[in-house]
Amino acid sequence: MRVTNQMVVTNSLNNLNRGLERLEYLSHRLAAGKKLLVPSDDPIGTGNVMRMYKGLAETRQYVSNADYGIGMMQAADGALTDMTEILQRARELAVYGANGTLPEDSMEAIAKEIDELIHHAVQVANSTYTDSYIFGGQEITRPPFAMVETDGNITDVTFQGGGKPVTVEIGPSSRLDINMPGGVAFEKAFQHLITLRDRLRGADGGQQQISEESIGDIEDSISEVLRHQAEIGAKTKRLEITKSRLEGLDINLQTLISKTEDIDVAQSIMEYKMYENQYRLALDTTARSIQPTLMDFLR
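Shown next, in the form of structure tokens:
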């Protein structure tokens, strides 16, 4: 086969272009720090990385949900602690009011303090976390408890929240309640406080009923609040353990993704230098292999 200068030039330029394209590709990989620039680089690896990124996004959402749930339940725990202190103070006042030796003005002073405790208890029961009412169940946008007043006197405290708790997803097909409808924990407590206040003012059997019923009712309310607080503590611990596990999974997924798609910098630099040397050698060889033209002789 006859070889012409044109053939030599064309083949040499094609070889140089391929070498330059390889250098450009390696340069892009180094700049991006990734060995998977397009799916065709490694179709199987690309599919695995996409699945791992999806798993990473889901894991981080579960962690975010767990964080929100922990915050909500810690706020609820603080509110229940406040409610317990209110009820314990009400019990102390009930004991004072039941001894039968206090004058009427002292009984009225105790009743007024109980009235203030009721107001405070409603405030606690309407506590919020990030603008969500903690004890409203699924109705988190409005105060769950409302006072009914007659002539400036609280006659009832009504629950107007939702009947079901808010739940969050903390794993595939795994959900957890992160609040509770306040009616379950507080409605009886409010009624017991209102009844105690009225009995201190002589209504419904007065001091005798305080001794026989009110003190025991307040103690029952304290026990009920403490029971709910224990449940919240157990759920908080579960969420903290779940969050820790999810954070470990997040790190593992990031490591796997890095191993699959990130380049080995040292190896890639060596590979780039090798192809760069080959390209320089090809340039030198091409320059020598192309024969001089007639114009070169005329010069």
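In terms of our numbering, the sequence shown opens at residue 36 and continues consecutively. C-beta: ideal position from N, C-alpha, C; glycine also. This structure is a prediction, so every number in the text was calculated from the model and none was measured.
The Cβ-Cβ distance between D112 and T290 does not fall below 8 Å. The shortest CA-to-CA distance from K278 to any of H155, T94, V159 and M305 is the one to T94.
The segment 114–126 makes contact with the segment 257–276: 3 or more CB pairs, one atom from each, lie closer than 8 Å. Its chain contains Q242, I245 and S246 as the residues whose beta carbon lies nearer than 6 Å to that of A133, once the 5 sequence neighbours on both sides are disregarded; these appear in chain order. As computed with DSSP, E204 is found in a beta bridge with R210. It is roughly 10 Å from the alpha-carbon of F194 to the alpha-carbon of N161.
Judged by DSSP in its simplified three-state form, D102 adopts helix. In the three-state scheme derived from DSSP, where H, G and I count as helix and E and B as strand, E266 is classed as helix. If you look at A181, you'll find it in the beta strand (DSSP E) that goes F180 to T185.
Rounded to the nearest whole angstrom, the CA to CA distance from Q302 to E59 is 16 Å. T230 counts as buried, since at least 16 other C-beta atoms from the protein chains shown sit within 10 angstroms of its C-beta. A direct Cα-Cα distance of roughly 8 Å separates R232 from K147. The count of Cβ pairs closer than 8 Å, one atom from the segment 212–220 and one from the segment 182–201, reaches three, so the stretches are in contact. Between G187 and the set E151, G104, P78 and I276, the nearest pair of CA atoms involves E151. With three or more CB-CB distances shorter than 8 Å, the segment 198–205 counts as touching the segment 169–176.
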